[in-house]
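Numbering-wise, the UniProt record's numbering puts 85 at position 85 of the sequence shown, and it's gapless, one number per residue. By construction, the Cβ of each residue, glycine as well, lies at the ideal position given by its N, Cα and C atoms. For reference, the structure is listed below as structure tokens.
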Amino acid sequence: MTISNQIMKGLLDGAILGLIAKGETYGYEILEKLKEHQFPEISDGSIYPVLLRLDKKGYVHTTMRKSDNGGPNRKYYTISESGLKELQQFKEKWQALNKGMNHIFRSDNDDK
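Pasting the structure below:
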């Protein structure tokens, strides 16, 4: 089963902001953390446009540094003050939506 692109786009923004809020990180590490948290259908091609969008909106700060393993420079992300506010709004909306959906699904089971 695939999740619609529109739903995934909104969820990825919040999920990625949430991961960046936990501490400085870079793209590949974000991808691995999403997979660890069983986030479905994720590829590097789906997270980098989100990171670019979050950067353009001013929700994250970026820094280029050498990688630990001597490879090419990496872009590291940290959350900005406006990113923290956006994350808080996302959490509030998610909790309200989750509560509503759970209520609907419980009601469906009660009707049977």
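Report the start-end ranges of each alpha helix (DSSP H) in the UniProt domain "Transcription regulator PadR N-terminal" (16-89) that is 4 residues or longer and not cut off at the edges. 27-36 and 44-56
Taking all protein chains shown into account, decide if I104 is buried (16 or more other Cβ within 10 angstroms of its Cβ) or exposed. exposed
Could you check if N73 is buried or exposed, using at least 16 other CB atoms within 10 Å of its CB as the buried criterion? That one is exposed.
Can you tell me whether T63 is buried or exposed? The criterion is at least 16 other CB atoms within 10 Å of its CB, across all chains shown. exposed
Using 8 Å as the threshold, is the segment 75-83 in touch with the segment 46-64, meaning 3 or more CB pairs across them? yes
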